[in-house]
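Residue numbers (my numbering): 19 to 303.
First comes the structure, then the notes that go with it.
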């Protein structure tokens, strides 16, 4: 198995990505706010990378990707989903599993609302909330550290707090630099858009999904309300809402020995079901 890196230019940003040489159905992994594609290193360093074409990219304003050319348009859930769609199209991906973590999960849900390539959805640390403040309050814990997700300028203390919030004491030394590099305009833009109710109603998208949806969270996630996931009326929930024992907000990083087998088993389910599913029509992009 080999991993290659390349940069793809889209209308909103130049996106840096890594992909494995696996020949199975692509698994596109979308990281959270203040992170980068490096957070998925423990999936690339696993049998998943041989069995599937793993693709991880840096969102605009993150990692090795450029900042957005038009921040007002790009730094929203809808804008990030449209940029992701451009990436899929540039890579000629017609069928894929989309795995979204935290912010990346919300981008993945938005993407699934309009792009035909989504054959399966994996959500981690990303409650599919209804539009507006009430939906946000139902899906997320209300605490002071949540304010960091919308703060435009970070102090060094903010960077330390956000790192601990996302990774506890498991962070790689590079993760703090990824937080420091992030374009803070994205945090404020995404938060404003979600509270204003812009974009798809994510609860409805997940409840009506015509493809399998996997929910895999950490037992001690400080950000999301695990009980909220049980209130969603999924049409196609895979197995159950899985909870990784002893993990926090990033179980795929903290407990890959438990997370990766679930992702692999889900991918097998999607591959089996996708052949029998009628093609979906692209409604926007």
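We treat Cβ as the ideally placed atom computed from N, Cα and C, and that holds for glycine.
Notebook entry, point to check: Taking the DSSP output, what are the residues bridged to residue 264?
Noted result: On the chain shown, position 246 is the one that residue 264 refers to. Partner(s): none; residue 264 has no beta bridge.
Check: What are the start and end residues of each continuous beta strand (DSSP E) run of 3 or more residues lying completely inside the segment 123-181, in chain order?
Finding: Runs of beta strand (DSSP E) with 3 or more residues, each lying fully within the segment 123-181, are found at 136-142, listed in chain order.
Note to self: Among the candidates 120, 171, 183, whose CA atom is the shortest distance from the CA of residue 233?
What the structure shows: Position 215 of the chain shown, counted from the start, is the residue given in the question as residue 233. Cα-wise, what sits closest to residue 233 is 120.
Notebook entry, point to check: Can you tell which of 212, 247, 245, 188 has the C-alpha that lies nearest to the C-alpha of residue 60?
Noted result: Within the chain shown, the letter at position 42 stands for residue 60. Here the closest residue by C-alpha is 188.
Note to self: Helix, strand or coil, according to DSSP, for residue 280 in the structure here?
What the structure shows: What you label residue 280 is simply residue 262 of the chain shown in a count that begins at 1. Three-state result, residue 280: helix.
Check: Buried or exposed: which applies to residue 173, given that a residue is buried once 16 or more other Cβ atoms fall within 10 Å of its Cβ?
Finding: If you number the chain shown from 1, residue 173 lands on position 155. Exposed: under 16 other Cβ atoms inside 10 Å.
Next item on the list: Spatial neighbours of residue 39 within its chain, please: CB distance less than 7 Å, with the 5 preceding and 5 following residues excluded, ordered by chain position.
Entry: Stepping through the chain shown from its first residue, residue 39 is reached at position 21. If we look at residue 39 and ignore the five residues flanking it on each side, its Cβ neighbours are 19, 20.
Margin query: Could you check if residue 217 belongs to the surroundings of the ligand PLP, using beta carbon to heavy atom distance under 6 Å?
Written below: Among the components modelled here there is no ligand, and therefore nothing to report on the ligand PLP.
Notebook entry, point to check: If you draw a straight line from the alpha carbon of residue 185 to that of residue 223, how long is it in whole angstroms?
Noted result: Residue 185 sits at position 167 when you count from the first residue of the chain shown. Residue 223 sits at position 205 when you count from the first residue of the chain shown. Straight-line Cα distance between these residues: approximately 28 Å.
Next item on the list: Using beta-carbon positions only, say whether residue 103 and residue 80 come within less than 7 Å of one another.
Entry: Walking along the chain shown from the start, residue 103 turns up at place 85. Walking along the chain shown from the start, residue 80 turns up at place 62. No; because the gap between Cβ atoms is not below 7 Å, this pair is not in contact.
Notebook entry, point to check: Is the segment 76-92 touching the segment 152-165 in the sense that three or more CB pairs, one from each, lie closer than 8 Å?
Noted result: no
Notebook entry, point to check: From what residue to what residue does the beta strand (DSSP E) around residue 72 run?
Noted result: Within the chain shown, the letter at position 54 stands for residue 72. That run of the beta strand (DSSP E) goes 72-75.
Item checked: N-terminal and C-terminal residue of the beta strand (DSSP E) that residue 186 is part of -> For this step, residue 186 is matched to residue 168 along the chain shown. Per DSSP, residue 186 belongs to no beta strand (DSSP E) and is neither H nor E.
Next item on the list: List the endpoints of the continuous beta strand (DSSP E) containing residue 117.
Entry: Within the chain shown, residue 117 is the residue found at index 99, counting from 1. Residues 114-119.
Margin query: Cutting at 7 Å between CB atoms, please list the residues of its own chain near residue 168, excluding the five before and the five after it.
Written below: Within the chain shown, numbered from 1, the residue matching residue 168 stands at position 150. Excluding sequence neighbours, residue 168 sits near 205, 206, 209.
Notebook entry, point to check: Would the segment 39-49 and the segment 253-260 be scored as touching if the rule is three or more Cβ pairs under 8 Å?
Noted result: no
Margin query: Measuring CB atoms only, is the segment 21-40 touching the segment 139-156, in the sense that at least three cross pairs come out at less than 8 Å?
Written below: no
Check: Unbroken beta strand (DSSP E) runs of length 3 or more, entirely within the segment 53-109: which are they?
Finding: 72-75
Notebook entry, point to check: Out of 138, 282, 291, which has the shortest C-alpha to C-alpha gap to residue 64?
Noted result: Sequence index remark: in the chain shown, residue 64 carries index 46 (1-based). Ranked by Cα distance from residue 64, the options 138, 282, 291 are led by 282.
Next item on the list: Determine the contact status of residue 85 and residue 201, defining contact as a CB-CB distance below 7 Å.
Entry: Position 67 of the chain shown holds residue 85. Position 183 of the chain shown holds residue 201. Yes, these two residues count as a Cβ contact at 7 Å.
Item checked: Cβ pair residue 266, residue 239 closer than 7 Å -> Start at 1 with the first residue of the chain shown, and residue 266 comes out as number 248. Start at 1 with the first residue of the chain shown, and residue 239 comes out as number 221. Yes, these two residues count as a Cβ contact at 7 Å.
Check: In this structure, does DSSP put residue 302 in helix, strand or coil?
Finding: Working through the chain shown from its first residue, we reach residue 302 at position 284. Because residue 302 sits at a pLDDT of 42, beneath the cut-off of 50, its placement in the model cannot be relied upon, and the point is left open.
Checklist line | residue 208 (DSSP reduced to helix, strand or coil) | finding: Stepping through the chain shown from its first residue, residue 208 is reached at position 190. In the structure shown, residue 208 sits in a helix (DSSP, three-state: H, G or I).
Check: Hey, how far is the Cα of residue 83 from the Cα of residue 25?
Finding: To locate residue 83, count along the chain shown from 1; it is residue 65. To locate residue 25, count along the chain shown from 1; it is residue 7. Rounded to whole angstroms, residue 83 to residue 25 spans 8 Å at the Cα level.
Note to self: Below 8 Å on the Cβ atoms is my contact criterion, and I expect residue 127 with residue 146 to pass it. Report the Cβ-Cβ distance as a whole number of Å.
What the structure shows: As a first step, residue 127 must be located in the chain shown, where it is residue number 109. As a first step, residue 146 must be located in the chain shown, where it is residue number 128. The Cβ separation is near 6 Å, so the contact holds.
Check: What's the C-alpha gap between residue 302 and residue 214?
Finding: Counted from its first residue, the chain shown places residue 302 at position 284. Counted from its first residue, the chain shown places residue 214 at position 196. The pLDDT assigned to residue 302 is 42, lower than 50, so where the model puts this residue is not dependable, and the model offers no usable value.
Note to self: Please state the DSSP three-state secondary structure of residue 254.
What the structure shows: As a working mapping, residue 254 is identified with position 236 in the chain shown. Correct three-state label for residue 254: coil.
Margin query: Could you tell me the alpha carbon to alpha carbon distance between residue 142 and residue 235, rounded to whole angstroms?
Written below: Residue mapping note: residue 142 aligns to position 124 of the chain shown, counting from 1. Residue mapping note: residue 235 aligns to position 217 of the chain shown, counting from 1. Those two C-alpha atoms are separated by around 5 Å.
Note to self: I need the boundaries of the alpha helix (DSSP H) containing residue 222, first residue and last residue.
What the structure shows: Here residue 222 corresponds to residue number 204 of the chain shown, with the count starting at 1. Where residue 222 is concerned, the enclosing alpha helix (DSSP H) stretches over 220-225.
Notebook entry, point to check: Alpha carbon to alpha carbon, what distance is there between residue 231 and residue 221?
Noted result: Indexing the chain shown from 1 puts residue 221 at position 203. Indexing the chain shown from 1 puts residue 231 at position 213. Cα-Cα distance, rounded: 12 Å.
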